[in-house]
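Worksheet for the structure shown next.
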Amino acid sequence: MDLKTKLEYVIEVADLTVAYDVKPVLWDVDLKIPKGKLMAVVGPNGAGKSTLIKAILNLLIPISGNIKFIQNRADTKSNIKNRVAYVPQSGNVDWDFPSTVLDVVLMGRFGLLGWIKRPGKADVDIALQTLKKVGMEDYSSRQISQLSGGQQQRVFLARALVQQADIYFMDEPFKGVDTKTEKAIVLLLKDLKDQGKTVVVVHHDLQTVTEYFDWVTLINLRVVASGPVDEVFHQENLRQTYRSTGMLLKGMAV
Amino acid sequence: MLLSDYTFQTVAIGSAILGLISGVLGTFAVLRKQSLLGDGVSHAALPGVVLGFILIGSKNTEFLLLGALLSGLLSTLLITTIVKYSRIKFDSALALIMSVFFGLGLVLLTYVQKIPNANQAGLNRFIFGQASSLMRRDVNLMIICGSILLLLLIIFWKEFKIFTFDSEFAQSLGFSPKKLDLLLSLMTVTGIILGLQTVGVILMSAMLVAPAVAARQWTNKLSVMAFLGAIFGAISGIFGTAVSSFIPKLPTGPTIVLFASLIVLISILLAPGRGILHRLYRQKHNRSLNIERRAENDSTI
Amino acid sequence: MTPQFEIQLIAVIVAVGCALPGVFLVLRKMSMMSDSITHTILLGIVLAFFITHDLSSPLLIVGAAIMGVVTVWLTETLTRTNLLAEDAAIGIVFPLLFSIAIILITRYAGSVHLDTDSVLLGELAFAPFNRMIVFNTDIGAKAIYTAGTILIINLVAIFLFFKELKLVTFDPVLAAVLGFSPTMVHYGLMTLVSLTAVSAFEAVGSVLVVAFMIGPPVTAYLLTDDLKSMLIISVLIGTINGILGYQLAAIFDVSIAGSMATMTGILFISVFILAPHRGLLSIFRRRKMQKTKFGKMTLLFHLLNNESSFIQEQVSQICIVQNHLNWSDHFIKDIINRLQGENCIEVDGVFIKLTDKGRKTTIQEYNELFS
Chain P
234 MDLKTKLEYV IEVADLTVAY DVKPVLWDVD LKIPKGKLMA VVGPNGAGKS
284 TLIKAILNLL IPISGNIKFI QNRADTKSNI KNRVAYVPQS GNVDWDFPST
334 VLDVVLMGRF GLLGWIKRPG KADVDIALQT LKKVGMEDYS SRQISQLSGG
384 QQQRVFLARA LVQQADIYFM DEPFKGVDTK TEKAIVLLLK DLKDQGKTVV
434 VVHHDLQTVT EYFDWVTLIN LRVVASGPVD EVFHQENLRQ TYRSTGMLLK
484 GMAV
Chain L
274 MLLSDYTFQT VAIGSAILGL ISGVLGTFAV LRKQSLLGDG VSHAALPGVV
324 LGFILIGSKN TEFLLLGALL SGLLSTLLIT TIVKYSRIKF DSALALIMSV
374 FFGLGLVLLT YVQKIPNANQ AGLNRFIFGQ ASSLMRRDVN LMIICGSILL
424 LLLIIFWKEF KIFTFDSEFA QSLGFSPKKL DLLLSLMTVT GIILGLQTVG
474 VILMSAMLVA PAVAARQWTN KLSVMAFLGA IFGAISGIFG TAVSSFIPKL
524 PTGPTIVLFA SLIVLISILL APGRGILHRL YRQKHNRSLN IERRAENDST
574 I
Chain X
1328 MTPQFEIQLI AVIVAVGCAL PGVFLVLRKM SMMSDSITHT ILLGIVLAFF
1378 ITHDLSSPLL IVGAAIMGVV TVWLTETLTR TNLLAEDAAI GIVFPLLFSI
1428 AIILITRYAG SVHLDTDSVL LGELAFAPFN RMIVFNTDIG AKAIYTAGTI
1478 LIINLVAIFL FFKELKLVTF DPVLAAVLGF SPTMVHYGLM TLVSLTAVSA
1528 FEAVGSVLVV AFMIGPPVTA YLLTDDLKSM LIISVLIGTI NGILGYQLAA
1578 IFDVSIAGSM ATMTGILFIS VFILAPHRGL LSIFRRRKMQ KTKFGKMTLL
1628 FHLLNNESSF IQEQVSQICI VQNHLNWSDH FIKDIINRLQ GENCIEVDGV
1678 FIKLTDKGRK TTIQEYNELF S
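So this is what it looks like as structure tokens:
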């Protein structure tokens, strides 16, 4: 029998219920996000995955529920916003905005600077280094409208990485991205995990869950299951998660 | 010598300031897809102007402008509320509020003047602007308010930038979109009201839009865009004033707009990279390249 | 016909004539184009005047209408460069054309009484003074016939091309695929808008044409989902605005057109707040009901889920539940009261428990939600 190592959690969600207008989107969600894991959040469309992330980030107000960020013993009253980084879906931005790649990545540092203070040379250096990590260092002065979909995604990723946060939330970072970029992003995520960071990814491609992630949460209005991929990601749970959408699950058996 | 003429200097400075402020504020208005806010708020300011006159009882510019400001802000608030709580879109809400407020202003004006036709010198000045009747006092007010607006813009530059680009991400970093939206709207409305005296209600939208759009064609950096917008706006103001002073019977406001429009058209045609002529040239160049390549391929077969 | 009656008649004709194309402007998100056109037709009038030198020539109306279409064309050409957004294009084109008009008037037509004020502001009060003389008989104010003609044109056009307009408005791609040219319908609509603006602004002035074109449709938009109904309701609202607006102006002796625009606003606000389903009051009431409904369900589910837990005793204490759910004192009290009233829970000191009825209801709702 396996002896499970003692799990440390960074975020605890309890009794979270979110509703838009008539329909509930998230219902009575209880979720513990373990530290240092690469977690996928999967479920059918409209199942509340993005909503969950936004609720945790306080971007919307739930009907009920508690979201607790577990503080380290070393921290005093650290600003939660600075420990969490967010990579939203890239479709909501006007890419014709006059901004270079470096400009956008630098924006990620604004949270750490707080109101009024301006980014300095140190911030620019961090931004350039991060651009190198995502393979975009040659594009730093390129106008963002001239980027491909994969490149835009990498820029958004860099924008979150410069925050040097402990917990990263990403909303469908692989959507519409070419294979090369996808592989690059996965390497980056694994790298984050090796540094002890926690990464939560809303993921749409069931085929790659076992390959990319070590933890998975299955959501359809409620949490169907949450835990290590090899324990939780199997036919029965997937059927429960996707049953009302009639999705065919071929070759999903783990 | 015209340039040392006191009146000319006053009007030119006033127009330049108008151009500068609207060029900078217009940058954000255009990027936020609120280009026509200038048009809307200008019209919506009328009831405030008249009420200001009724309540204070004098044609003191400061009070009228204050009334205009409050009226303009109220209209912006209403538009935002309508869009937020119904399926009515921004453009319809803008058109509705602007025309209703203007109508209300007319009612108030005719109530005050007690004649059915609202033909007034004061109203004329408000609708068409009367740059030539700008006084040193007016210009001083513009300088003071303009400086405050610019200062606020510089202080909160990065906050406005991130909010305009990606408000959701900004919120995730801890910057309140509501507060920033309110501040930016307040600043824009103030800028619009300040400029009304110069070019009037109808042309104000051009001053908010044209310099910013022109600036966009020449740069990909937000800061440079705002800076160029200010320059283009100021140039329009100064040249418009100068030319209308030289040529008789040329009203100042429309001339300023003419210059602003000219700058936009030139920018759209000629700007390197984005400009139309450049694009056409590139297309032709590519086409001839393809012809060459095809010729090479044919010859090697 | 008394002057008072004539004025109201003209107002109603203008209001109805404007509301019809206005519905399509609102639905196609082109509301501000109406503002644009009503300003640029001044240039059309000026240019036509330079050709005919006759202020009462019908060529002026033609010129104005043409300029309206030209405005639209220029705006769209500018937008198509993709170097700026459509709203920015509007904001550049119409001030330019308007400025040219003002400059031309000031420089070359200064001696002629081309009253820019009446162009912009109009005044219905003076309309009855302009008579239509046919065969030496005064058959009423001229404005009745000009506005009336445009109204008839609008009615006929919309009646004939209703299905094309509907298709192009809601699904331009499908329209193109089916062989209806969206461009032609579009420019046809814009021509109607120009003609209407021209006929209306003499009576009510440019800015208030916008109120008449956009106000009633926007109000109707809150009341119906059906295009035909939206047209009919807009016409009704336009009529009401016209008549009530006139009454208001008569009582207070103020600008008639301004009063009608104000009435448009008053009516709109009333509908905005009171409309069934879409009105503010309905929205807030619905939200509160949902919050209560979800609150009740959440509490019931919470109790049900913890019934099997071995710490049930502790967990069903009111303050603990409140803490878990993160609710205010007021809210949890309210929910508990309601559930008690429905006999779904019973309160025992500081503990709350599901009743049998409560348990059955909860399980039923649970299954409904997650089936």
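Residue numbers (the numbering used here), protein chains in the order written: chain P, 234 to 487; chain L, 274 to 574; chain X, 1328 to 1698. The C-beta atom is built at its ideal place from N, Cα and C for all residues, glycine as well.
Taking C-beta pairs closer than 7 angstroms, name the residues in chain L that residue i reaches, listed in chain order.
i, result
"Gly344/P", "Leu446, Gly447"
"Met1359/X", "Leu309, Asp364, Leu367, Ala368"
"Val1545/X", "Ile361, Ser365, Leu369"
Kindly indicate the opening and closing residues of the alpha helix (DSSP H) around residue i.
i, result
"Gly526/L", "525–543"
"Ser1307/X", "Beyond the ends of chain X as shown, which are 1328 and 1698, falls residue 1307/X; an answer cannot be given."
"Ile1419/X", "1413–1435"
"Asn1664/X", "1656–1668"
"Ala499/L", "495–519"
"Gly345/L", "334–358"
"Val388/P", "382–394"
"Asn1650/X", "1645–1652"
Quick one: what does DSSP say residue i is sitting in, helix, strand or coil?
i, result
"Glu1673/X", "strand"
"Leu346/P", "helix"
"Val246/P", "strand"
"Lys310/P", "Any reading at Lys310/P must be qualified, since the residue scores a pLDDT of 47, below 50, and its modelled position is unreliable; the value itself is stated next. If DSSP states are grouped into helix, strand and coil, Lys310/P belongs with coil."
"Gly484/P", "Caution is warranted here: a pLDDT of 38 is assigned to Gly484/P, below 50, making its placement in the model unreliable, and the coordinate value is therefore given only provisionally. The answer is coil: DSSP assigns Gly484/P none of H, G, I, E or B."
"Asp254/P", "coil"
"Met371/L", "helix"
"Pro389/L", "At Pro389/L the pLDDT is 44, less than 50, meaning the model places this residue with poor confidence and gives no usable figure here."
"Val297/L", "helix"
"Trp328/P", "coil"
"Thr492/L", "coil"
"Leu425/P", "helix"
"Met234/P", "Bear in mind that a pLDDT of 41 at Met234/P, under 50, signals an unreliable position, so the model cannot answer this."
"Phe466/P", "coil"
"Lys362/L", "coil"
"Leu264/P", "strand"
"Thr1408/X", "coil"
"Phe326/L", "helix"
"Asp571/L", "helix"
Which chain X residues sit within Cβ distance under 8 angstroms of residue i?
i, result
"Thr250/P", "Phe1621, Thr1625"
"Leu296/P", "For the record, residue 296/P in the displayed sequence is Ile; it is not Leu. Result: Lys1618, Phe1621, Gly1622, Thr1625."
So the beta strand (DSSP E) residue i belongs to, where does it begin and stop?
i, result
"Leu1681/X", "1678–1681"
"Asp404/P", "400–404"
"Met272/P", "271–275"
Check this for me: beta carbons of residue i and residue j, under 8 angstroms apart or not?
i, j, result
"Val395/P", "Ala417/P", "no"
"Ile529/L", "Thr514/L", "yes"
"Ala318/P", "Ala391/P", "no"
"Asn299/P", "His1651/X", "yes"
"Thr1689/X", "Phe1621/X", "no"
"Gly1344/X", "Pro1543/X", "no"
"Ser1302/X", "Ala1547/X", "Nothing can be reported for residue 1302/X: it is not among the residues displayed for chain X, which extend from 1328 to 1698."
"Ala488/L", "Met498/L", "yes"
"Lys1356/X", "Asp364/L", "yes"
"Ile355/L", "Ala341/L", "no"
"Gly468/L", "Gly526/L", "no"
Name the chain P residues whose beta carbon is nearer than 8 angstroms to that of residue i?
i, result
"Phe438/L", "Val326, Asp327, Phe330, Ser332, Val337, Met340"
Cβ closer than 9 angstroms: which chain L residues qualify as neighbours of residue i?
i, result
"Gly1585/X", "Phe375, Gly376, Leu377, Gly378, Leu379, Val380, Leu381, Leu382, Thr383, Ala391"
"Tyr1548/X", "Ser359, Arg360, Ile361, Ser365"
Residue i touches chain X at which residues, Cβ-Cβ below 7 angstroms?
i, result
"Ala585/L", "The displayed coordinates of chain L run from 274 to 574. Any statement about residue 585/L would go beyond what the structure contains."
"Ala247/P", "His1651"
What residues from chain P crowd round residue i, counting only those whose CB sits closer than 7 angstroms?
i, result
"Leu304/L", "Phe330"
Applying a beta-carbon distance threshold of less than 8 angstroms, which residues of chain L neighbour residue i?
i, result
"Tyr372/P", "Correct list: empty, because the minimum Cβ distance to chain L is about 12 angstroms."
Review point. At which residue ranges does the region 1552–1625 of chain X contain complete alpha helix (DSSP H) runs of 4 or more residues, listed in the order of the chain?
Key: Qualifying alpha helix (DSSP H) stretches, in chain order: 1554–1579, 1583–1601.
Practice item. Jot down the residue ranges of each uninterrupted alpha helix (DSSP H) in the region 428–460 of chain P, minimum 4 residues, whole runs only, in chain order. Key: Within the region 428–460 of chain P, the complete alpha helix (DSSP H) runs of at least 4 residues are 442–445.
**Study point:** Whole runs of the beta strand (DSSP E) within the region 1494–1525 of chain X, excluding any shorter than 3 residues
**Key:** Assignment of beta strand (DSSP E) within the region 1494–1525 of chain X, counting only whole runs of 3 or more residues, yields no such run.
Point to revise | Minimum length 4: unbroken alpha helix (DSSP H) runs contained in the region 413–491 of chain L | key: Segments of the alpha helix (DSSP H) lying fully in the region 413–491 of chain L: 430–438, 440–445, 450–489.
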